[in-house]
């Protein structure tokens, strides 16, 4: 078993068992409480209580979506420099092709993960959403080729709600 270093604030008050439970769940989210109990040396009800406590504290959460490795789309990382990051975050939040957006420090103060059918589609999507926004100083994007871990994104499969698709009659 590989040991992992988990850095947490002192506010989190996680003991060694909690950290081990989190590590087990991170590697196998479908592991049973009974299996964890056997590995940790505690009863199954005790493990259930610990997991509930971790969930309540916000230290254990679940995300549902397709695996990026199995999803037949191109993914890109977009870096945007803008004078109004909140406005850009709102635009990204409305688009089902942009499942995650971050506000950052530094020159490029917005980072978005987006996906699409091909690079032309993605380029047109970015132009549609951001080209006419006067607050946007620059947009750069790079294709994501691989991830070191399997990545599950909260992808909204109701893409028919996308303004870009509606306004441009793009075929899926």
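Numbering (the working numbering), first residue to last: 13 to 184.
Each residue gets a CB set at the ideal place from its N, CA and C atoms; glycine is no exception.
Scanning 130, 37, 112 and 125 for the CA closest to the CA of residue 74 turns up 37. With fewer than 16 neighbouring CB atoms inside 10 Å of its own CB, residue 159 falls in the exposed class. One thing to note: residue 123 has its Cβ no nearer than 7 Å to the Cβ of residue 131. The beta carbon of residue 156 sits closer than 7 Å to those of 87, 88 and 89, all from its chain and outside the five residues before and after it, given in chain order.
For residue 106, the closest of 72, 118 and 142 by C-alpha to C-alpha distance is 142. Taking a 10 Å sphere around the C-beta of residue 43, we find fewer than 16 other C-beta atoms and assign the residue as exposed. Scanning its chain for C-beta atoms nearer than 8 Å, with the 5 sequence neighbours on each side dropped, one finds around residue 147 the residues 94, 95, 96, 99 and 100, in chain order.
Judged by beta-carbon spacing, residue 39 lies beyond the 7 Å limit of residue 60, meaning their Cβ atoms are not closer than that value. Leaving aside the five residues that flank residue 120 on each side, the residues in its chain whose CB is nearer than 6 Å to its CB run, in chain order, 91 and 93. Taking C-beta atoms as the reference points, residue 103 and residue 112 fail to come closer than 7 Å. A direct Cα-Cα distance of roughly 30 Å separates residue 57 from residue 163.
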